[in-house]
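Scroll down for the structure; my scribbles are underneath it.
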Amino acid sequence: KYYHNVARIREKKVLLLKKMNQLFHITLLMAVVVAAAQGMKCFSKADKKQQEKISEHFACETPKDTAIHMPIPEGYNAVSPNLAMVKRCHHNVCEGRAHNCVAVDTS
């Protein structure tokens, strides 16, 4: 009787391990499918156009007009007009296109 119970317990353990192994593989497969599905996300024309605008803005292919404050020379309290429009990249980031950007120093 004792050996019969031990054999049943072993069978149940083996069956449980097989099921756990199957569950692990199914979970792993689902994670791979979800990751692949997110990578294949399709964009609409409007989304693509917006992405191009953002990329162009940050890549600074064409610097945009930016208002900068004019420096006040020594001995003066104010300068009028106190703003000037210059072509600048957003946050002065050019990424290899330095010839298109104006230097940060305005003096």
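Sequential numbering from 767 applies to the sequence shown in my numbering.
All C-beta atoms in this analysis are idealised placements derived from N, C-alpha and C, irrespective of residue type, glycine included.
Owing to the predicted nature of the structure, the values given are computational and were not obtained by experimental measurement.
- In the DSSP assignment, Ala844 falls outside any beta strand (DSSP E), carrying neither H nor E.
- Distance from the CA of Ala801 to the CA of Cys808, rounded to the nearest whole angstrom, comes to 14 angstroms.
- In the three-state reduction of the DSSP assignment, Met851 falls in the strand class.
- The Cβ atoms of Ala850 and Ile838 lie no closer than 7 angstroms to each other.
- Between Met836 and Ser846, the alpha-carbon positions lie close to 9 angstroms from each other.
- The alpha-carbon separation between His791 and Gln816 amounts to approximately 40 angstroms.
- Distance between Ala773 and Leu794, taken at the CA atoms: about 32 angstroms.
- Of the candidates Lys784, Ala812 and Thr832, the residue whose Cα lies closest to the Cα of Arg854 is Thr832.
- Closest option to Lys830, judged by alpha-carbon separation, among Ile820, Val780, Val852 and Asn843: Val852.
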